[in-house]
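Colleague:
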Amino acid sequence: MSEEERKFLEVRGLEKSFGSGETKQDVLKGLDFTVGKGEFCVLLGPSGSGKSTLLNILGGIDSADSGEIFINGDRLSRMDEKSLTRYRRKHLGYVFQMYNLIPNLNVKENIETGAYLSDAPLDIDELLRTLGLYEHRHKLPNQLSGGQQQRVSIGRAIVKNPDILLCDEPTGALDYTTSKEILRLIEEVNQKYGNTVIMVTHNEAIKLMADHVIKLRDGKIRHDDLNSGKITAAELEW
Amino acid sequence: MQNEIKQGKRPKNPLNKRVWRDCIRDWKRYLMIFVMLVVTIGFVSGMYVANNSMMQSLENGAEKYNREDGHFELSSKADENLIAAIETGERADIVSVFRERAYKEAGPEIEKAVKDAVTEKVREQVGNAIREQVTAAVDEQLSAAEAMGMEITAEQRDSAINEALDAAMEENYENAVNEALEKAFDSDDYRNALNDAKDEAKKEIDKEIDEKYDELAERYELNEEADPVPVKLYELFYKENDEIIPDKSSSSGTVRVYSERRSVNMYDILDGSAPSDENEIIIDRMHADNAGIKTGDTIKVGSTSFTVSGLAAFSDYTTLYESNTDTMFDAISFDVAMTTDEGYRRISGNEHANYAFIYNNKPDGVNSEKVMSDNFLKALITQTAVSENKTEIKDYVPAYANHAITFAPDDMGSDKTMGGVLLYILTAVLAFIFAVTISSTLEKESSVIGTLRASGYTKGELLRYYMSAPLLVVIIASAVGNVLGYTAFKNVVVAMYRNSYSLPTYETLWTPDAFVRTTVVPFVLMLLINLIVISRTLRLSPLRFLRHDLKRTKRKKAVRLPKWKFFARFRIRVFFQNIPNYIMLFVGITFVMLLLSMAVGMPVTLSYYQDSIKDMMFAEDQVILISTEDDDGNTITTDTQGAERFSLYSLIHRSDIMDEEVTVYGIEKGSVYVSLPESYYSGSDAYTDVFVSQAFSEKYNVHTGDTITLSEKYEDREYEFNVYGINDYAAGITVFMSPDRFNKVFGKDDGYFTGYMSDTKIADIDEKYIAKELTSDDMLKVARQLDHSMGAYMTYFQFVCVIVAAIILYLLTKIIIEKNERAISMVKILGYNNKEIALLYMVTTAIVMLVTEIAAIFLGYAAMGVVWKIMLMKLGGWFAFVMTPDGFIKEFLLVFIAYLIITICDFIRIKRIPKVLALKNME
Chain A
1224 MSEEERKFLE VRGLEKSFGS GETKQDVLKG LDFTVGKGEF CVLLGPSGSG
1274 KSTLLNILGG IDSADSGEIF INGDRLSRMD EKSLTRYRRK HLGYVFQMYN
1324 LIPNLNVKEN IETGAYLSDA PLDIDELLRT LGLYEHRHKL PNQLSGGQQQ
1374 RVSIGRAIVK NPDILLCDEP TGALDYTTSK EILRLIEEVN QKYGNTVIMV
1424 THNEAIKLMA DHVIKLRDGK IRHDDLNSGK ITAAELEW
Chain B
8 MQNEIKQGKR PKNPLNKRVW RDCIRDWKRY LMIFVMLVVT IGFVSGMYVA
58 NNSMMQSLEN GAEKYNREDG HFELSSKADE NLIAAIETGE RADIVSVFRE
108 RAYKEAGPEI EKAVKDAVTE KVREQVGNAI REQVTAAVDE QLSAAEAMGM
158 EITAEQRDSA INEALDAAME ENYENAVNEA LEKAFDSDDY RNALNDAKDE
208 AKKEIDKEID EKYDELAERY ELNEEADPVP VKLYELFYKE NDEIIPDKSS
258 SSGTVRVYSE RRSVNMYDIL DGSAPSDENE IIIDRMHADN AGIKTGDTIK
308 VGSTSFTVSG LAAFSDYTTL YESNTDTMFD AISFDVAMTT DEGYRRISGN
358 EHANYAFIYN NKPDGVNSEK VMSDNFLKAL ITQTAVSENK TEIKDYVPAY
408 ANHAITFAPD DMGSDKTMGG VLLYILTAVL AFIFAVTISS TLEKESSVIG
458 TLRASGYTKG ELLRYYMSAP LLVVIIASAV GNVLGYTAFK NVVVAMYRNS
508 YSLPTYETLW TPDAFVRTTV VPFVLMLLIN LIVISRTLRL SPLRFLRHDL
558 KRTKRKKAVR LPKWKFFARF RIRVFFQNIP NYIMLFVGIT FVMLLLSMAV
608 GMPVTLSYYQ DSIKDMMFAE DQVILISTED DDGNTITTDT QGAERFSLYS
658 LIHRSDIMDE EVTVYGIEKG SVYVSLPESY YSGSDAYTDV FVSQAFSEKY
708 NVHTGDTITL SEKYEDREYE FNVYGINDYA AGITVFMSPD RFNKVFGKDD
758 GYFTGYMSDT KIADIDEKYI AKELTSDDML KVARQLDHSM GAYMTYFQFV
808 CVIVAAIILY LLTKIIIEKN ERAISMVKIL GYNNKEIALL YMVTTAIVML
858 VTEIAAIFLG YAAMGVVWKI MLMKLGGWFA FVMTPDGFIK EFLLVFIAYL
908 IITICDFIRI KRIPKVLALK NME
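As you go down the protein sequences, you meet chains A and B in turn.
The letter at position 22 of the first sequence is residue 1245 when you use my numbering, and the numbering goes up by one with no holes.
The letter at position 790 of the second sequence is residue 797 when you use my numbering, and the numbering goes up by one with no holes.
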């Protein structure tokens, strides 16, 4: 991995607080880290540690008070709203805990909402097979289980083949088995399409399948480790 | 690994597919809005198309039917010389003609007077000469006799002189006088005296004529330079008589029958054919409809029977105004007809010497038409004045001021404006309902929008998507509405106009104006309102959408409520949550109430006016006399109980909208019919002090102390009056003044009066002396015609209002329930039954609805007062907009019924909300 690839995502001195005066609450207290291209990075931490805020700032839907973010050389922190939207459109994919699917579009069409944003999207049918949804492609979201809906939301994020896939507690609303299926899918996508994956979770077990684990507590990075002995999602237990 | 990735094509925006699905998913809402738009756009488009087509047909009709540029009536038929003189359009030199005439008349009189004077003088001189001669001769003879010794007394002398004088006079006087006269008449003195006398007389004549001319010239602006207005005159004589339908053995009013029209003011036969013999007649189609007369029926004109061979629209009577000064047209009891020349001769009754004229050079606009008409009137006045014909002008009406010609197109024009305004208001209301609906959808789909924005969808893309459905609905509704406008609705509007006016056949025309106003304007309105509301929400960050935090103002704390019962506090919360919806509800219901005020109030007002007109009239019978003296020169009197004399004069109140006739009454002191205060009569106030009727005051916003200006009808003469007070007379635009003031203002002699008024029928005055009898029926023309033209539609209109109210309520309460679906589902899980839930969620709306209705009723009533005033400004007369308590209750109940129906729907909707909804994922 070249230096450029190693510093595919670079965060310097990132700070963020909410409120003002006496009610001011520092959420991120000067974060510095880098994430390499194609890495599966997990942001771990308890509730209120600032991991979701960090993910939102990385995703350009929230802004930092100070500090710099570079993604593939682009300085995110200097971008205006329009540029940020364009950036998200071209380079980022989002997966949330809630699937946020459009209720009156079927599975394939929901994925197409992602494909529409890219000039060179992935082949949707092939992606549907990868997601194990090909058989269900004509179904509406309310005809699917939670796990299947989350697959669709992953499909929607990945179909435009983004440089970075941001996942915010993607398994938070799912049971053990379904969660493992989703994790396997993210793993597969990461391997197959080579996207950098940044996943926020409070589930300690998931760190075992990651290339890179960043632990946050009280707005600070407590651990920033590369995982040399990672296991597959299928092997995870919790 | 990435080499194996298979790439696909960029799909079309899948959100586009969603637009249709949104419409289908929410078809009830979209259908309601669609139907409302289609009906409104269709009706307004139909109105524009019908208006445009008909107005074009009326405009073309002027040329097609060779419609007059005006007409005038003379007191008797004009001779060829007068017709030729009028047709030149040149003003007669009144001064020269009158002078010449006066000189001519004065010449022999002067000569006779001079001759008489000379003769008298000559006779005196000759008599004196003979007397002197006779006296001298007698004295000579008596002196001779005395010299001869005769004694002669003085008596004998006188007797001798007288004797001799008688003899001499008898023998010589006449000859001597004639001789002397011959000489005298041949003398220069006589000629000089005659010339002097003529010069003196001419001076007197010139002075008198100049004075009179100056007065006329000032009144008619005769001294102003003007080009001649050559015209072609057409005899358009008519007779008026009662129209009787033998089958119904009743009179359907007055019919004005013309002889066959061959070249001017032609007609369009809408049914049947033109009269072919003396027994056939064609009558106005509108009146025929009203009176129930059909082609083939028999009618009587006076005592003469005719078969109706056809129904027609006469180009000079698109609106049946009996007289141009009438307050309202009257297609119910006034008819226009035409028969053959032979048929015309069969009809009894006075013939009116009416002449139509057409300018040789057509004016190129309204202003130029006015100038031409004024100039032609001067030519007409002067030529008639100098004519040997001894005729007078009884009436002069240029086409541009002829209500029978202009009222229908003017009314159609203002209907278009009114229809347009209603369409825009309704579109705006619907656009706001759409916007509120979409706002609620944005709230509901907040996470999806957040995800899409986070994924890179721009605000513009989402804005376009959320705007698509309303715009699509308005475009399709416009298309369907316009198609209906050109077909079904056009016919509805045409039928409405045909119910009031006598319109010729027309051709449906493509009307770009209709397209612009019914398609482009609603589209733009919908676009703007939705654009503002949606883009305001979409301006929020993706994160706020993801967090369902769409409130623009951050709510710091929940509003603290007093310690009321739980249900009350819950309802207050529901109210706070739905304030935008309730504002829309208020706007929508107020709009409906305005329409309903008209739909309910108009029939109420008309019937109130018709019922109370007798009470409103200050005297039930008013007789206007042709002359106040009978054939023997005695003042006409009446023994009718309570009869009072009054004076009457007609003036015009001029305004931009219309010139309205004002009746000026001279009222005797102590009148029991019109009570004017004692102080008004006894005070030394200015002679221009007057009272105006309440109707005058209300219509023209005139108050005590104001100055009003009224004008003569056909003269450029204005009167200024000071309003001394307001009289409570509400049935007419009237001015009251004391008789002495009246006489002074209008130059009448003391003791002048015009007629008698009494509450008892005045029956003892010979009809031949009566010019007009004013009864309550005359005052009802406006109310009756309005009732006929619009009354029947008002009932339908009431139902339309109820439907519009129901749709608005449906759309808004649907939003409120949808917003709370999950909460409702949750309280169901908690164990509340449907009735309790309904009490929680629906009572708030019921209370808001109640308050809104009451406020909207009064707002609608106030607004209708203004609309009514604008409406009546175009019509003659005045009666205030009245709403009885019954009317208010009816309005309230009509909307409340709509609300109840929607409440039932809402209750069913609440019942159908499943309990599991609360347990499902948000999306």
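Glycine is no exception: its CB is placed at the ideal position from the N, C-alpha and C atoms.
Note down, in chain order, all residues in the region 1331-1351 of chain A with a beta-carbon under 7 angstroms from any beta-carbon belonging to chain B.
Modeller: If the cut-off is 7 angstroms between Cβ atoms, the region 1331-1351 of chain A has Glu1332, Glu1335, Thr1336, Gly1337, Ala1338, Tyr1339, Leu1340, Ser1341, Asp1342, Ala1343, Pro1344, Leu1345, Asp1346, Ile1347, Glu1349 near chain B.
Colleague: I'd like the list of long-range same chain contacts for A/Val1420, defined as Cβ closer than 7 angstroms, with 5 residues on each side in sequence excluded.
Modeller: Here residue 1420 of chain A corresponds to residue number 197 of the first sequence, with the count starting at 1. Result list for A/Val1420: Phe1263, Cys1264, Leu1388, Cys1390, Ile1409, Asn1413, in chain order.
Colleague: Is DSSP giving B/His294 helix, strand or coil here?
Modeller: Here residue 294 of chain B refers to the residue found at position 287 of the second sequence. Correct three-state label for B/His294: helix.
Colleague: Since B/Phe653 sits in a beta bridge, which residues does DSSP pair it with?
Modeller: Translated into the one-based positions of the second sequence, residue 653 of chain B becomes position 646. Looking at the DSSP assignment, B/Phe653 forms a beta bridge with B/Ile674, B/Gly762.
Colleague: Below 8 angstroms CB to CB, which residues in the same chain sit around B/Arg25 once its five sequence neighbours on both sides are set aside?
Modeller: Translated into positions along the second sequence, residue 25 of chain B becomes position 18. Same-chain partners within the cutoff: Tyr472.
Colleague: Look up B/Asn5 in the DSSP assignment and give the residues it is bridged to.
Modeller: No answer is possible for residue 5 of chain B: the residues shown for chain B start at 8 and end at 930.
Colleague: Return helix, strand or coil for A/Val1361, following the three-state DSSP convention.
Modeller: Position 138 of the first sequence, counting from 1, holds the residue named residue 1361 of chain A. Before going on, a small fix: residue 1361 of chain A reads as His here, not Val. Coil.
Colleague: What residue range is occupied by the uninterrupted beta strand (DSSP E) comprising B/Met744?
Modeller: Numbered from its first residue, the second sequence carries residue 744 of chain B at position 737. Segment 741-744, the beta strand (DSSP E) holding B/Met744.
Colleague: Are the C-beta atoms of B/Val902 and some chain A residue less than 8 angstroms apart?
Modeller: What you label residue 902 of chain B is simply residue 895 of the second sequence in a count that begins at 1. By this cut-off, B/Val902 is not an interface position.
Colleague: What residue range does the alpha helix (DSSP H) around B/Asn59 cover?
Modeller: Residue 59 of chain B sits at position 52 when you count from the first residue of the second sequence. Element bounds for B/Asn59: 34-71.
Colleague: Since B/Arg74 is in the alpha helix (DSSP H), which residue starts that stretch and which ends it?
Modeller: Taking the second sequence and counting its residues from 1, one reaches residue 74 of chain B at position 67. First-last for B/Arg74: undefined, no H or E at that position.
Colleague: Which residues in the same chain have their Cβ closer than 7 angstroms to the Cβ of B/Met929, if we skip the five residues on either side of it in sequence?
Modeller: As a first step, residue 929 of chain B must be located in the second sequence, where it is residue number 922. Legend: pLDDT at B/Met929 = 47, less than 50; position of this residue unreliable, value from coordinates given subsequently. Closer than 7 angstroms at the Cβ level, and outside the excluded window around B/Met929, lie Ser454.
Colleague: Excluding the 5 residues flanking B/Ser60 on each side, which residues of the same chain have their C-beta closer than 7 angstroms to its C-beta?
Modeller: By 1-based counting over the second sequence, the position of residue 60 of chain B is 53. So the qualifying residues of the chain are Tyr513, Glu514, Thr515, Leu516.
Colleague: What does B/Ile777 pair with, by DSSP beta-bridge criteria?
Modeller: Taking the first residue of the second sequence as position 1, residue 777 of chain B is located at position 770. The partner list for B/Ile777 (beta bridge, DSSP) reads B/Leu632.
Colleague: Taking only the alpha-carbon atoms, compute the straight-line gap between B/Leu277 and B/Leu478 and give it to the nearest angstrom.
Modeller: Against the second sequence, residue 277 of chain B aligns to sequence position 270. Against the second sequence, residue 478 of chain B aligns to sequence position 471. So the alpha carbons of these two residues sit roughly 43 angstroms apart.
Colleague: Just list the alpha helix (DSSP H) runs in the region 403-472 of chain B, keeping only unbroken ones of 4 residues or longer that don't cross its boundaries, in chain order.
Modeller: If we require 4 residues or more, the alpha helix (DSSP H) runs fully inside the region 403-472 of chain B come out as 410-451, 453-462.
Colleague: Near B/Tyr493, which residues of its chain fall below 6 angstroms by C-beta distance, leaving aside the five closest residues on each side in sequence?
Modeller: In the second sequence, residue 493 of chain B corresponds to position 486, counting from 1. Closer than 6 angstroms at the Cβ level, and outside the excluded window around B/Tyr493, lie Val56.
Colleague: Find out if the Cβ-Cβ distance for the pair B/Ser394, B/Leu89 is shorter than 8 angstroms.
Modeller: In the second sequence, the residue the question calls residue 394 of chain B occupies position 387. In the second sequence, the residue the question calls residue 89 of chain B occupies position 82. Result yes, Cβ atoms of B/Ser394 and B/Leu89 sit closer than 8 angstroms.
Colleague: Counting only the same chain and skipping the five closest in sequence on each side, list residues whose C-beta sits under 8 angstroms from that of B/Met878.
Modeller: Taking the second sequence and counting its residues from 1, one reaches residue 878 of chain B at position 871. For B/Met878, where only same-chain residues beyond five positions count, there are no Cβ hits under 8 angstroms.
Colleague: Which residue from B/Gly673, B/Asn396, B/Ser82, B/Tyr241 puts its Cα closest to that of B/Tyr763?
Modeller: Within the second sequence, residue 763 of chain B is the residue found at index 756, counting from 1. Answer by Cα proximity: B/Gly673.
Colleague: Can you tell me whether DSSP reads A/Lys1331 as helix, strand or coil?
Modeller: Sequence index remark: in the first sequence, residue 1331 of chain A carries index 108 (1-based). In the structure shown, A/Lys1331 sits in a helix (DSSP, three-state: H, G or I).
Colleague: Can you check whether the CB of B/Leu327 is closer than 8 angstroms to the CB of B/Ser103?
Modeller: Within the second sequence, numbered from 1, the residue matching residue 103 of chain B stands at position 96. Within the second sequence, numbered from 1, the residue matching residue 327 of chain B stands at position 320. No, they are not a contact pair.
Colleague: By how many angstroms is the C-alpha of B/Glu94 removed from the C-alpha of B/Phe79?
Modeller: For the purposes of this step, residue 79 of chain B is identified with residue 72 of the second sequence, where counting begins at 1. For the purposes of this step, residue 94 of chain B is identified with residue 87 of the second sequence, where counting begins at 1. About 13 angstroms.
Colleague: Run through DSSP, which three-state label would A/Arg1229 get?
Modeller: For the purposes of this step, residue 1229 of chain A is taken as the residue at position 6 of the first sequence. Helix.
Colleague: Quick one: give me the first and last residue of the beta strand (DSSP E) that B/Ser700 is part of.
Modeller: Numbered from its first residue, the second sequence carries residue 700 of chain B at position 693. From DSSP, the beta strand (DSSP E) with B/Ser700 extends over 696-700.
Colleague: Determine, for B/Val455, whether the minimum Cβ-Cβ distance to residues of chain A falls below 8 angstroms.
Modeller: Mapped onto the second sequence, residue 455 of chain B falls at position 448. So, interface residue.
Colleague: Using beta-carbon positions only, say whether B/Thr5 and B/Glu399 come within less than 8 angstroms of one another.
Modeller: Nothing about residue 5 of chain B can be reported from this structure: the residues present for chain B run from 8 to 930 only.
Colleague: Grab the span of the alpha helix (DSSP H) containing B/Leu717 for me, first residue to last.
Modeller: Translated into the one-based positions of the second sequence, residue 717 of chain B becomes position 710. Careful: B/Leu717 lies outside any alpha helix (DSSP H), inside the beta strand (DSSP E) at 714-718.
Colleague: Are the beta-carbon atoms belonging to B/Leu532 and B/Ala461 less than 8 angstroms from one another?
Modeller: On the second sequence, residue 532 of chain B is found 525 positions in, with the first residue counted as 1. On the second sequence, residue 461 of chain B is found 454 positions in, with the first residue counted as 1. No.
Colleague: Taking only beta carbons into account, state which residues of the region 1313-1333 of chain A come closer than 8 angstroms to chain B, listed in chain order.
Modeller: Listed by position along the chain: Lys1313, Leu1315, Gly1316, Tyr1317, Phe1319, Met1321, Tyr1322, Asn1323, Leu1324, Ile1325, Pro1326, Asn1327, Leu1328, Glu1332, Asn1333.
Colleague: Cα-Cα, which of B/Gln14, B/Glu107, B/Gly49 is closest to B/Asn498?
Modeller: Along the second sequence, one-based indexing puts residue 498 of chain B at 491. When each option's Cα is compared against that of B/Asn498, the closest is B/Gly49.
Colleague: Give a single yes or no on whether B/Ala408 has its beta carbon closer than 7 angstroms to a heavy atom of the ligand COA.
Modeller: Inclusion of the ligand COA in the displayed structure is not the case, the ligand content being empty and no account of it being possible.
Colleague: Spatial neighbours of B/Ile354 within its chain, please: C-beta separation below 7 angstroms, excluding the five flanking residues on both sides.
Modeller: Walking along the second sequence from the start, residue 354 of chain B turns up at place 347. Only Lys246, Asn248, Val264, Val308, Gly309, Thr311 meet the Cβ criterion.
Colleague: Return helix, strand or coil for B/Leu819, following the three-state DSSP convention.
Modeller: For the purposes of this step, residue 819 of chain B is identified with residue 812 of the second sequence, where counting begins at 1. It is helical.
Colleague: Residue range of the alpha helix (DSSP H) that A/His1314 falls in?
Modeller: The residue labelled residue 1314 of chain A in the question sits at position 91 within the first sequence. Start and end: 1304-1314.
Colleague: Relative to the C-alpha of B/Pro892, which candidate in B/Gly608, B/Ile715, B/Thr597, B/Trp34 has its C-alpha closest?
Modeller: Translated into the one-based positions of the second sequence, residue 892 of chain B becomes position 885. Measuring from the Cα of B/Pro892, the nearest candidate turns out to be B/Gly608.
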